[in-house]
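Report on the following structure.
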Amino acid sequence: MALRRLNVCVSFSWKMKYSTHSDPLGTKLKERQAQMMKKGLPVKKPIEGVKNVILVASGKGGVGKSTVAVNLALALSRHLPTQDVGLLDADIFGPSIPTMMNLSGNPSLTEKNLIKPLVNYNIKCMSMGFLVDNNAPVVWRGLMVMSAIEKLLRQVDWSPLDYLIIDMPPGTGDTQLSIAQNIPVAGAVVVTTPQEIALIDARKGALMFEKVGIPVLGLVNNMASYSCPNCGHHSHIFGATGAEKLGKEIGVDVLVDIPLDTSIMEAADGGYPIVISSASNNPLVQAYISLAEKVLSRLSAIKNEPSR
Amino acid sequence: METQMENIPEHCPGIQSESAGKASTCAGCPNQKICESGEAKLEDPKIIAGIQQRMLNVKHKVLILSGKGGVGKSTITTMIARVFAQDLAKNIAVMDVDICGPSTPRIMGVEGETVHQSGSGWSPVYIGENLSLMSVGLLLGSPDDAVIWRGPKKNGLIKQFLTEVDWGSLDYLFMDTPPGTSDEHLSIAQYMIPCQLTGAIIVTSPQEISLLDVRKEINFCRKVNIPIIGIVENMSWFVCPKCTKESIIFPASTGGARQMASEFHLPFLGQIPLDHRLAQSCDEGNDFFEAYSDSATATAFIDLGKAIDAEIRKL
Numbered sequence: 064m065a066l067r068r069l070n071v072c073v074s075f076s077w078k079m080k081y082s083t084h085s086d087p088l089g090t091k092l093k094e095r096q097a098q099m100m101k102k103g104l105p106v107k108k109p110i111e112g113v114k115n116v117i118l119v120a121s122g123k124g125g126v127g128k129s130t131v132a133v134n135l136a137l138a139l140s141r142h143l144p145t146q147d148v149g150l151l152d153a154d155i156f157g158p159s160i161p162t163m164m165n166l167s168g169n170p171s172l173t174e175k176n177l178i179k180p181l182v183n184y185n186i187k188c189m190s191m192g193f194l195v196d197n198n199a200p201v202v203w204r205g206l207m208v209m210s211a212i213e214k215l216l217r218q219v220d221w222s223p224l225d226y227l228i229i230d231m232p233p234g235t236g237d238t239q240l241s242i243a244q245n246i247p248v249a250g251a252v253v254v255t256t257p258q259e260i261a262l263i264d265a266r267k268g269a270l271m272f273e274k275v276g277i278p279v280l281g282l283v284n285n286m287a288s289y290s291c292p293n294c295g296h297h298s299h300i301f302g303a304t305g306a307e308k309l310g311k312e313i314g315v316d317v318l319v320d321i322p323l324d325t326s327i328m329e330a331a332d333g334g335y336p337i338v339i340s341s342a343s344n345n346p347l348v349q350a351y352i353s354l355a356e357k358v359l360s361r362l363s364a365i366k367n368e369p370s371r
Numbered sequence: 012m013e014t015q016m017e018n019i020p021e022h023c024p025g026i027q028s029e030s031a032g033k034a035s036t037c038a039g040c041p042n043q044k045i046c047e048s049g050e051a052k053l054e055d056p057k058i059i060a061g062i063q064q065r066m067l068n069v070k071h072k073v074l075i076l077s078g079k080g081g082v083g084k085s086t087i088t089t090m091i092a093r094v095f096a097q098d099l100a101k102n103i104a105v106m107d108v109d110i111c112g113p114s115t116p117r118i119m120g121v122e123g124e125t126v127h128q129s130g131s132g133w134s135p136v137y138i139g140e141n142l143s144l145m146s147v148g149l150l151l152g153s154p155d156d157a158v159i160w161r162g163p164k165k166n167g168l169i170k171q172f173l174t175e176v177d178w179g180s181l182d183y184l185f186m187d188t189p190p191g192t193s194d195e196h197l198s199i200a201q202y203m204i205p206c207q208l209t210g211a212i213i214v215t216s217p218q219e220i221s222l223l224d225v226r227k228e229i230n231f232c233r234k235v236n237i238p239i240i241g242i243v244e245n246m247s248w249f250v251c252p253k254c255t256k257e258s259i260i261f262p263a264s265t266g267g268a269r270q271m272a273s274e275f276h277l278p279f280l281g282q283i284p285l286d287h288r289l290a291q292s293c294d295e296g297n298d299f300f301e302a303y304s305d306s307a308t309a310t311a312f313i314d315l316g317k318a319i320d321a322e323i324r325k326l
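Chains as they are written, first to last, in the working numbering: chain A, 64 to 371; chain B, 12 to 326.
See below:
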């Protein structure tokens with residue numbers, strides 16, 4: 064006897080017959096149902112002093128979200144030197160931002176009792192990594208994660224910021240829901256590698272954003288190819304055309320292809336990200352700057368769109 | 012009385028929390044009375060007993076962990092399972108506890124298969140004569156369905172996996188986990204430790220960014236008393252398909268996994284190279300060993316299997 068397939072979606076798991084004699088399409092009942100379901104859901108409240116929130120996410124782990132988030136924030140800051148850019152590390156369990164931005168130490172409090180973000184390379188940063196010891200695991204269930212995220216969003220002195228880049232953790236769980244439901248988000252950048260296994264999870268990530276009403280600005284095809292340092296042969300280690308196909312499938316463009324390059328990693332590990340440690344004519348730096356430009360143009364296109 | 016949680020509302024505060032049954036989101040939940048009375052907070056001894064019953068015929072239960080995402084947990088879990096399954100006298104199974112990103116059905120080539128329910132419980136899907144798999148990916152309507160659940164619901168599903176899946180008699184059960192140290196890991200630890208969990212294998216890449224998270228995972232295992240079988244380093248080097256020279260893509264700027272293993276006094280089980288054919292086989296769901304049995308990667312996995320076997324015997 065085959066097990067009835069689980070019908071998993073964001074809304075409730077039980078089904079109801081909506082159609083009645085007076086309302087055969089069940090639209091009135093469905094609307095009432097939707098209203099009832101929204102009760103208890105948090106109301107989206109913007110973070111004080113922050114104009115645009117951009118998420119850097121992926122369903123999959125290890126595709127380079129933190130590396131892209133850090134370099135995107137620095138590229139944005141370089142492209143728009145008069146504007147303020149901040150970086151929030153929402154990965155409670157594996158915070159990478161402190162290492163990549165070469166920051167450490169306990170943040171202090173302002174007079175209003177808000178946590179002061181640590182600043183490096185002109186970017187305001189906050190991460191769980193500043194609040195716990197490097198080797199200490201954060202072993203928390205979802206509820207505590209929700210409340211920690213809430214603190215990192217609202218009890219940090221971000222103001223004033225033009226752009227807040229949020230480096231998301233992998234998955235489609237508590238953190239993603241908490242952020243999506245609590246603050247208005249301008250757009251999300253979905254990072255993936257060309258590998259099918261990663262694309263499956265990236266697709267889920269993009270669909271999740273669609274479900275919660277966050278526009279997906281585009282895909283980043285990370286670790287697209289590797290150039291052998293000995294013979295220069297290009298290997299598509301994780302596959303070749305996967306990201307493009309996914310983009311066409313879900314109606315989202317691939318914003319940039321970033322190669323798998325040891326120098327990007329060495330720079331990130333060393334706390335001196337490539338966008339600022341390498342010359343601007345380095346093609347790797349150009350890739351991130353191009354990404355920043357495209358993100359900005361997508362954002363303004365969305366703002367100018369008539370409301371859907 | 013069975014306190015199996017069904018139809019959990021999306022914003023369930025958790026049955027263990029102070030506001031269980033009393034929060035505004037609890038209104039309308041069929042389990043509200045149970046939570047309010049505080050009954051749900053008690054660890055149902057029946058559940059632990061049920062899981063112990065299922066695990067009685069499983070000789071070795073091995074967790075595959077990593078604090079970091081994308082280091083190759085699922086790849087390594089499935090490859091190790093295949094290595095052990097080469098001995099036809101042994102029965103091997105894989106349980107995928109990664110609810111948000113279940114990769115194993117795809118990697119093992121059984122995407123789209125159905126899980127069957129029989130009188131004795133749910134049957135895992137068989138990949139070979141002696142190799143089976145259970146994953147939430149097999150329960151979804153379509154492989155593209157996003158599973159966007161909060162912790163308590165994930166906990167409920169993991170409990171169901173452990174109590175209702177009829178594994179039969181197994182020599183090894185490999186459990187693939189998601190990255191991090193959250194609900195899934197706590198639940199597995201909570202339910203499996205009373206069942207004599209053999210231990211955990213920790214996977215990492217040589218990069219310091221990965222090691223940072225893996226150190227946390229090692230400390231987590233020590234905190235919850237999960238014995239650590241050893242550490243595996245994945246994507247250690249890359250062999251160019253054209254000139255066959257080795258190059259290092261993920262530099263081990265702080266000595267890599269070997270250094271970290273000796274720091275923590277843990278066995279270092281082996282290194283696996285970054286092989287694009289392996290990534291391709293995983294994507295297509297093919298058996299890498301069948302297609303490339305003489306490759307260095309295949310040899311690396313066979314050696315890894317031997318090292319794991321040796322360490323398990325020592326524990």
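Built from N, CA and C at the ideal position, the CB exists for glycine as well.
Checklist entry - Quick one: does THR192 (chain B) have its CB under 8 Å from some CB of chain A? => result yes
Checklist entry - Going by alpha carbons, who is nearest to PHE172 (chain B) out of B:MET145, B:ASN245, B:PRO154? => result B:MET145
Checklist entry - Do the segment 109 to 122 of chain A and the segment 258 to 274 of chain A make contact, defined as three or more Cβ pairs closer than 8 Å? => result yes
Item to check | Sheet register partners of VAL116 (chain A) (DSSP bridge) | outcome: A:LEU227
Next on the checklist: For the beta strand (DSSP E) containing GLN207 (chain B), name the first residue and the last one.
Outcome noted: No beta strand (DSSP E) contains GLN207 (chain B), which DSSP labels as neither H nor E.
Next on the checklist: Just to confirm the assignment, what range does the alpha helix (DSSP H) spanning THR173 (chain A) have?
Outcome noted: It is not in any alpha helix (DSSP H) - THR173 (chain A) carries neither H nor E in the DSSP assignment.
Checklist entry - Where SER190 (chain A) and GLN218 (chain A) are concerned, what is the direct C-alpha to C-alpha distance, given to the nearest angstrom? => result 12 Å
Next on the checklist: Quick check on DSSP: helix, strand or coil for SER241 (chain A)?
Outcome noted: helix
Checklist entry - Near GLU175 (chain B), which residues of its chain fall below 6 Å by C-beta distance, leaving aside the five closest residues on each side in sequence? => result GLY132, TRP133
Checklist entry - Are any of the Cβ atoms in chain B nearer than 8 Å to that of LEU309 (chain A)? => result no
Item to check | Residue environment, GLN218 (chain B), which counts as buried when at least 16 other CB atoms sit within 10 Å | outcome: buried
Checklist entry - For ALA318 (chain B), which of helix, strand or coil comes out of DSSP? => result helix
Checklist entry - Thinking C-beta only, is VAL73 (chain B) closer than 8 Å to PHE185 (chain B)? => result yes
Next on the checklist: Using a Cβ-Cβ cutoff of less than 8 Å, which residues in the same chain neighbour ASP147 (chain A) once the five nearest sequence positions on both sides are dropped?
Outcome noted: LYS187, PRO223, LEU224, ASP225, TYR226
Next on the checklist: Using the Cβ count rule (16 or more neighbours within 10 Å means buried), how would you classify ARG204 (chain A)?
Outcome noted: buried
Item to check | is_contact[CYS188 (chain A), chain B] using C-beta, thresh 8 Å | outcome: no
Checklist entry - Does the distance from the C-beta atom of THR130 (chain A) to that of ALA342 (chain A) stay below 8 Å? => result no
Next on the checklist: Per DSSP, what are the beta-bridge partners of TRP133 (chain B) in this structure?
Outcome noted: B:GLN128, B:VAL176
Item to check | Member of A:CYS291, A:HIS297, A:GLY127, A:SER140 whose CA lies at the smallest distance from the CA of ASN183 (chain A) | outcome: A:SER140
Checklist entry - Does MET328 (chain A) have its Cβ less than 8 Å from a Cβ in chain B? => result yes
Next on the checklist: Quick check on LYS311 (chain A): does DSSP put it in helix, strand or coil?
Outcome noted: helix
Checklist entry - So, is VAL106 (chain A) buried or exposed, given that buried needs 16 or more other C-beta atoms within 10 angstroms? => result exposed
Checklist entry - Using a beta-carbon distance below 8 Å, is LYS256 (chain B) in contact with chain A? => result yes
Next on the checklist: Can you list, in chain order, the residues of its chain with a C-beta nearer than 7 Å to that of TYR303 (chain B)? Leave out the 5 residues immediately preceding and following it.
Outcome noted: ARG288, ALA309
Checklist entry - So, helix, strand or coil for VAL202 (chain A), using DSSP? => result coil
Item to check | Selection of the segment 278 to 305 of chain B by Cβ proximity to chain A, strictly under 9 Å | outcome: LEU285, ASP286, HIS287, ALA290, GLN291, CYS293, ASP294, GLU295
Checklist entry - chain A partners of ASP155 (chain B), CB-CB under 8 Å? => result ILE263, ARG266, LYS267, LEU270
Checklist entry - Are the C-beta of ARG95 (chain A) and some C-beta of chain B separated by less than 8 Å? => result no
Next on the checklist: Only counting the same chain, and skipping five residues up and downstream in sequence, which positions put a Cβ closer than 7 Å to that of GLY302 (chain A)?
Outcome noted: PRO257, GLN258, GLU259
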